[in-house]
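Right, one structure below, let's go through it.
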Amino acid sequence: MLLTENRTVAHLDLDTFFVSVERLRNTQLQHKPIIIGGLSDRGVVASCSYETRFFGVHAGMPMKMARQLCSEAIVLRGDMEAYSQHSHKVTQIIADKAPVYEKASIDEHYLDVTGMDKFVGTWKWTNELRSTIMKETGLPISFGLSVNKTVSKIATGQAKPNGALQVCQEEVKPFLAPLSIRKIPGVGQKNYQLLRNMGIPTIEVLTMVPVEMIQKVLGKDGVHIWEKANGIDRAPVVPYSEQKSISTEKTFASDTTDISFLNNLLVSMTEGLAFDLRQQGKLTGCITVKIRYANFDTHTQQISIPYTASDHLLIKKAKELFQKLYNRRLLIRLLGVRLSHLVQGFQQIDLFEDTAELASLYQAMDKIRHRYGDSAVKRAVGL
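Each residue of the sequence shown is one higher than the one before, counting from 12 in the working numbering.
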């Protein structure tokens, strides 16, 4: 049974975002096969154009394999700083026009446009917003419009590339029914295989299976997946704030000027926050370092950075900020680090610079920390 909803939610997604930005910077790349990621064979694919997907190339694939599948592809290292800047431009346009919006990731937003039919009409308004974004940024963007976040996101996927699709309440079931269960947000490779092994290829078949059976196989995730298959999603559009952050700070028992101790603590703090980011599947676009001196004067220094969740990149920025802040003549009583401007993101490492080996190292370290605690694995300098 469908959940009766009176909401109207739009999902906007920038098409092949990294590739689109590269094509803005170099128009000669239009309509050519493009792969973005680490340039060496040990690198990882961060993004790819539709032209390469025909050959089986996809994000997360080893670069060596991608080159073999599509030998004609133009391989670019990518520029997260440029992508972050264009992401901020799009967000600003949406912020200036939307009543309530949520920045879900670097390239997608949810908008609650409930009630706009009383004025201009939700379909017309969202189309006009899309046109404004494309005109002012030059980036292609697709959107889906429906009763909740799940259906609107699936609709966006069906509208791509560079299209738009509305799914009204009475159309939800017929729209979802023939689609693969892969289309359901939250169905990863593991759950997909489990459901396929149960003989469930489509959303329609999934809706026919008792929810208790799905829960028995997939646990709590199974209930959410079953509900989404039935067009049910109660999740609200969470108003986005650039101030969303995670932070940590430490007040010392004795004030100190021990630069080695302070640097090591800074590394440990930043490393811990980066791990928290990755556990939450998030990226940060801003880092702040805070110092409180013995006389209680408090100073902060922050910098906007390309979206990342990588220890080594964040630690480098934290050290640079500390150097700008630190007055060697004064004792310090408190040191803190904050990561803000958080968004969801699939990247656990900087795929433009790092090798597959480093990606595996991050994943292995995070797995150990998750099992044995945050302090199970640390850089020697942070101990």
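C-beta: ideal position from N, C-alpha, C; glycine also.
- Using a Cβ-Cβ distance cut-off of 8 Å, the segment 252-267 and the segment 317-329 are not in contact, since fewer than three pairs of beta carbons, one from each stretch, lie closer than that value.
- Secondary structure note for F263: its beta strand (DSSP E) is the uninterrupted segment 256-267.
- Exposure of A264 is indicated by the presence of fewer than 16 other C-beta atoms within 10 angstroms of its C-beta.
- Out of D269, G230, A188, K231, the CA that lies nearest to the CA of I211 is found in A188.
- Between I117 and L345, the alpha-carbon positions lie close to 33 Å from each other.
- From the listed residues S31, V354, P221, the smallest Cα separation to Q290 is found for V354.
- Taking C-beta separations shorter than 7 Å and ignoring five residues to either side along the sequence, the partners of L229 in its chain run N202, L205, I236, following chain order.
- Annotation: the continuous beta strand (DSSP E) that includes K293 extends over 293-304.
- Pairing T268 with G347, the inter-Cα distance amounts to about 15 Å.
- It is roughly 13 Å from the alpha-carbon of T125 to the alpha-carbon of Q180.
- In the structure shown, Y94 falls within a helical segment according to DSSP collapsed to helix, strand and coil.
- In chain order, K194 place their CB closer than 7 Å to the CB of G168, counting only its own chain and leaving out the 5 sequence neighbours on each side.
- For L23, the enclosing beta strand (DSSP E) starts and ends at 20-25.
- Relative to the Cα of V20, the nearest Cα in the group G54, T137, V68 belongs to T137.
- Taking C-alpha positions only, K114 is separated from R141 by approximately 15 Å.
- Cα atoms of Y94 and F28: separation of roughly 8 Å, rounded to the nearest angstrom.
- Along the length of the segment 299-357, whole alpha helix (DSSP H) runs at least 4 residues long occupy 322-336, reported in chain order.
- DSSP, reduced to helix, strand and coil, places K231 within a helical segment of the structure shown.
- For K194, there is no enclosing beta strand (DSSP E), as DSSP marks it with neither H nor E.
- Inter-segment contact for the segment 59-71 and the segment 139-158 is absent: fewer than three beta-carbon pairs are separated by less than 8 Å.
- Counting only runs that start and end inside the segment 52-93, the alpha helix (DSSP H) elements of at least 4 residues fall at 61-64, 74-80.
- In this structure the segment 76-95 touches the segment 310-317; the number of beta carbon pairs closer than 8 Å is three or more.
- Looking at the backbone, the Cα of G49 and that of M74 are separated by about 7 Å.
- Bounds of the alpha helix (DSSP H) holding E282 are 270-290.
- T309 is classed as exposed because its beta carbon has fewer than 16 other beta carbons within 10 Å across all chains shown.
- Burial check for D244: the Cβ neighbour count within 10 Å reaches 16 or more, so the residue is buried.
- In this structure, T143 sits near I104, with a CB-CB distance shorter than 8 Å.
- E119 and S163 have their C-alpha atoms some 12 Å from each other.
- Around the C-beta of F272, fewer than 16 other C-beta atoms lie within 10 Å, and the residue is accordingly described as exposed.
- Annotated as proximal: A329 and T281, with beta-carbon spacing under 8 Å.
- Across the structure, L35 and I270 are spaced so that their CA atoms are roughly 45 Å apart.
- Residue nearest to I45 within the set L87, Q200, H22, D26 is L87 (criterion: CA-CA distance).
- Closest in C-alpha terms to F154, from the list Q226, L25, Y304, comes L25.
- Our two residues, P172 and D266, have alpha carbons roughly 58 Å apart in a direct line.
- In this structure, I47 and S31 do not form a Cβ contact; the two beta carbons are roughly 11 Å apart against a cut-off of 8 Å.
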